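**Student:** Residue numbers (the numbering used here), protein chains in the order written: chain A, 1 to 314; chain B, 1001 to 1393. Every residue gets a Cβ at the ideal spot worked out from N, C-alpha and C, and that includes glycine. These numbers come from a predicted model, not from an experiment. The structure that follows is given in the form of structure tokens.
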């Protein structure tokens, strides 16, 4: 256990009618850290975050947030956490200011304190000039920025973000990244779940990789990439690759794993650049029409493929 | 307590929703006006209670009695000369009620002798029978006064033989009995029959139907919308208790339903002269009980379905069935007995009974206690089941 951990998750499990959505997951999050939960849809990330937000009770295990137990002290926890849900949880026929005012009152703010806080947050997300427009006229990215502002109304110690950049244009994504980093610099601990590589790579100090309800790796980005070692990934875009060609490629020295789907083939191998010509030659000889071929440097996606044998973006 | 914050937010959203406001107020007003005005002339006939009369006497008093019945708008009076045929027609349920005026009725009444008017009824139409019995009893009571007067005079040895002498005695007796020396203030079922206008039926009928659309349909959809959009989830993660969240949703639905029903009743009164009865307190209590029961049913629908679309179709079905059976579109008492029995399971029937008691019979708060009690029991049942099964996720 980390000494300055603000969140401690120990042997956490959540089962529904025998199905294990989360199974024996343990990790700590340091105070002031941006921590990423990375995994494909259905991996169990949202279940973990729901337990941390006191929305779901764990089947087994223990979770504490700033010393409070999620099963016993949910009222205390709700006051110190802010949640940015994946969906836009706002009222579209109300203005941004009215949405913020509503949630501010729910969080117990009032009077000048409330007004000042709302103005500060509108300024932070760059929407002061649109504050009195109804949300139904906002772009997806603008709505998402207000979605984040709502979670910050009560100045929480910990911010949970569930897929913060899903469906967001590049400009809004950059602003969201800047906002998260600014908040973190001010001392806020951030836990984000994502299946987007970019989110994890650009924001997170440490990343936990989750698949099928289990935590399969946890480290800094560099630490995780070291797990891939010198393995390269070659991705070939081609249709109807003959089985014989696959057999030939699999028998090449230094090829570790070959996986195929309808439109592509992924090859894990060492010394990828040296073997690339031989792979193209094999495919061409088998009559396969290669549309494109690329070699990928190790990244989180290659790590995920390395660890699970499947692609992250399903 | 923070439930009022949620209720106030819901009402702000409602005020912004022009379509919802039209559905709540303008559409019911238009439908009430169209239905009331279109059926104005024929309404009494449409809801009339059929009565078949056999006048075996055919004398002056029996004819006067028949004319009295024919003058009552709510009665559909037909004559039959053959007593046997008339009994058959009632047995075959062609008519619900048969009144037989016996041979020599006028003569026996004039002579101060005992006489009987026979009423034969179809037992499946209890409510209509009661109305007709009350009317006939009222008339018989007046005639009985004359008989008593003639008998009294004869008992004191004053000879009353000629028609002229009898008429003199009856005239004197009527001077003493009109107005009656002891007046009973409670009005009988027959006393205000003429005041049953189309608007007595259609204002509360359609107002209750549209209230149900608001509280069951819109109420359930509003709650499911919060769940589907994730705002409910967000609220649950905020420092507000689950009972406060549910309380806020219930309060906003109740408030909008209460305002809607009150405005529609006021519209009926101002635009069409609907008599709202003498007790405003009773009216407010009844409106509150109806709105509370239907708000509870809306919450129950939200619990039993999983999506907004399901809530829409289920609530529409419930509202239309309850309106048809429960008496929103036609008076309850013209329905066959089995439908009236079935209607007891609906909010609409108890609501309509309550409104009849206030607008038509003017029974005040004491007269609607049964209806209010049943509606409150329904509310407790609906809220109890709904809250115990409500899922926030």
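What residue ranges within the segment 256–314 of chain A form continuous alpha helix (DSSP H) runs of no fewer than 4 residues, ordered along the chain?
**Tutor:** Whole alpha helix (DSSP H) segments, 4+ residues: 272–285 and 300–308.
**Student:** Between which residues of its own chain and residue 68 (chain A) is the CB-CB distance below 6 angstroms, once the five residues before and five after are set aside?
**Tutor:** For residue 68 (chain A), where only same-chain residues beyond five positions count, the Cβ hits under 6 angstroms are 76 and 77.
**Student:** Do residue 957 (chain B) and residue 1212 (chain B) have their C-beta atoms within less than 9 angstroms of each other?
**Tutor:** Past the boundaries of the shown model lies residue 957 (chain B); chain B is included only from 1001 to 1393, so the question cannot be answered.
**Student:** Please classify residue 45 (chain A): is it buried, with 16 or more other beta-carbons within 10 angstroms of its beta-carbon, or exposed?
**Tutor:** Burial call: buried.
**Student:** Are there 16 or more other CB atoms within 10 angstroms of the CB of residue 99 (chain A), so buried, or fewer, so exposed?
**Tutor:** Buried, since its Cβ has 16 or more Cβ neighbours within 10 Å.
**Student:** Taking a Cβ distance cut-off of 9 angstroms, strictly less, list which residues of the segment 1236–1254 of chain B are near chain A, in chain order.
**Tutor:** The residues in question are 1236, 1237, 1238, 1239, 1240 and 1241.
**Student:** Give the residues from the segment 88–114 of chain A that approach chain B closer than 8 angstroms (Cβ to any Cβ), ordered along the chain.
**Tutor:** Answer set for the segment 88–114 of chain A: 88, 89, 90, 91, 93, 94, 98, 102, 103, 105, 106, 107 and 108.
**Student:** DSSP puts residue 1078 (chain B) in a beta bridge; with which residues?
**Tutor:** Its beta-bridge partners are B:1052.
**Student:** Using DSSP with H/G/I as helix, E/B as strand and the rest coil, what is residue 162 (chain A)?
**Tutor:** In the structure shown, residue 162 (chain A) sits in a strand (DSSP, three-state: E or B).
**Student:** Under 8 angstroms Cβ-Cβ, which residues of chain B neighbour residue 83 (chain A)?
**Tutor:** Near residue 83 (chain A) (Cβ distances below 8 angstroms), the residues of chain B are 1234 and 1237.
**Student:** When you compare the CB positions of residue 195 (chain A) and residue 303 (chain A), do they come within less than 9 angstroms of one another, or not?
**Tutor:** No, Cβ-Cβ distance for residue 195 (chain A) and residue 303 (chain A) is not below 9 angstroms.
**Student:** Please state whether the Cβ-Cβ distance between residue 65 (chain A) and residue 7 (chain A) is less than 9 angstroms.
**Tutor:** Yes, these two residues count as a Cβ contact at 9 angstroms.
**Student:** Output the boundary residues of the beta strand (DSSP E) element that contains residue 1137 (chain B).
**Tutor:** Looking at the DSSP string, residue 1137 (chain B) is not in any beta strand (DSSP E); the run it does join, the alpha helix (DSSP H), is 1126–1155.
**Student:** If residue 62 (chain A) sits next to residue 189 (chain A), beta carbons under 8 angstroms apart, how far is it from one beta carbon to the other, in whole angstroms?
**Tutor:** Incorrect: roughly 19 angstroms between the Cβ atoms, too far for contact.
**Student:** Using Cβ-Cβ distances below 7 angstroms, what residues of the segment 60–80 of chain A are close to chain B?
**Tutor:** Under the 7 angstroms Cβ criterion, the segment 60–80 of chain A contributes 75, 78 and 79.
**Student:** What are the start and end residues of the beta strand (DSSP E) that includes residue 1115 (chain B)?
**Tutor:** Here residue 1115 (chain B) belongs to no beta strand (DSSP E), and DSSP marks it neither H nor E.
**Student:** Using a beta-carbon distance below 9 angstroms, is residue 1309 (chain B) in contact with chain A?
**Tutor:** Closer than 9 angstroms: no.
**Student:** Look at the Cβ atom of residue 245 (chain A), then the Cβ atom of residue 220 (chain A), and state whether they are nearer than 9 angstroms.
**Tutor:** Cβ distance not < 9 angstroms, so residue 245 (chain A) and residue 220 (chain A) don't count as in contact.
**Student:** What does the alpha-carbon distance come out to for the pair residue 1034 (chain B) and residue 1202 (chain B)?
**Tutor:** Near 10 angstroms, if we compare the C-alpha coordinates of residue 1202 (chain B) and residue 1034 (chain B).
**Student:** Classify residue 1164 (chain B): buried if its beta carbon has 16 or more other beta carbons within 10 angstroms, exposed otherwise.
**Tutor:** Result: exposed.
**Student:** So with CB distances below 9 angstroms, who are the chain A contacts of residue 1229 (chain B)?
**Tutor:** By Cβ distance, chain A contributes 87, 88, 89, 90, 91 and 92.
**Student:** Expressed to the nearest angstrom, what Euclidean distance is found between the alpha-carbon atoms of residue 1069 (chain B) and residue 1077 (chain B)?
**Tutor:** Spanning the two alpha carbons is a distance of roughly 7 angstroms.
**Student:** With residue 1374 (chain B) as the anchor, note down where its alpha helix (DSSP H) starts and where it stops.
**Tutor:** Run containing residue 1374 (chain B): 1369–1389, per the alpha helix (DSSP H) assignment.
**Student:** Determine, using beta carbons only, whether residue 1314 (chain B) and residue 1305 (chain B) come nearer to each other than 9 angstroms.
**Tutor:** A contact, by the Cβ cut-off of 9 angstroms.
**Student:** Between the segment 1278–1293 of chain B and the segment 1351–1371 of chain B, do at least 3 Cβ pairs fall closer than 8 angstroms?
**Tutor:** Contact between the segment 1278–1293 of chain B and the segment 1351–1371 of chain B is present, because at least three Cβ pairs lie under 8 angstroms.
**Student:** Assuming the contact rule is C-beta atoms closer than 8 angstroms, residue 339 (chain A) and residue 269 (chain A) should be a hit. Round their C-beta distance to whole Å, please.
**Tutor:** One cannot answer for residue 339 (chain A) here, as it falls past the ends of chain A, which runs 1 to 314.
**Student:** Per DSSP, which residues does residue 235 (chain A) bridge with? Please list them.
**Tutor:** Note: residue 235 (chain A) sits in a beta bridge opposite A:266 and A:294.
**Student:** Give the residues from the segment 28–43 of chain A that approach chain B closer than 9 angstroms (Cβ to any Cβ), ordered along the chain.
**Tutor:** Those would be none; no residue qualifies.
**Student:** Tell me, please, which residues DSSP counts as bridged to residue 62 (chain A).
**Tutor:** Answer is A:10.
**Student:** How about residue 1249 (chain B) and residue 1006 (chain B): do their beta carbons lie closer than 9 angstroms?
**Tutor:** It is a contact, given that the beta carbons lie within the stated cut-off.
**Student:** At 7 angstroms on the CB atoms, spell out the chain A contacts of residue 1022 (chain B), in chain order.
**Tutor:** Per Cβ cutoff of 7 angstroms: no residues; residue 1022 (chain B) is ~16 angstroms from chain A at best.
**Student:** Excluding five sequence neighbours on each side, which residues of the same chain lie with their C-beta closer than 7 angstroms to the C-beta of residue 1136 (chain B)?
**Tutor:** Closer than 7 angstroms at Cβ, skipping near neighbours: 1099, 1117 and 1119.
**Student:** Are there three or more Cβ pairs, one per stretch, closer than 8 angstroms when the segment 237–255 of chain A is compared with the segment 205–215 of chain A?
**Tutor:** As far as the Cβ criterion goes, the segment 237–255 of chain A does not touch the segment 205–215 of chain A, which means the pair count is below three.
**Student:** Between the segment 255–265 of chain A and the segment 1019–1028 of chain B, are three or more C-beta pairs nearer than 8 angstroms?
**Tutor:** Judged by Cβ distances under 8 angstroms, the segment 255–265 of chain A makes no contact with the segment 1019–1028 of chain B, as fewer than three pairs qualify.
**Student:** So the alpha helix (DSSP H) residue 26 (chain A) belongs to, where does it begin and stop?
**Tutor:** Careful: residue 26 (chain A) lies outside any alpha helix (DSSP H), inside the beta strand (DSSP E) at 19–30.
**Student:** Give the residues from the segment 143–175 of chain A that approach chain B closer than 7 angstroms (Cβ to any Cβ), ordered along the chain.
**Tutor:** Correct list: empty, as no residue qualifies.
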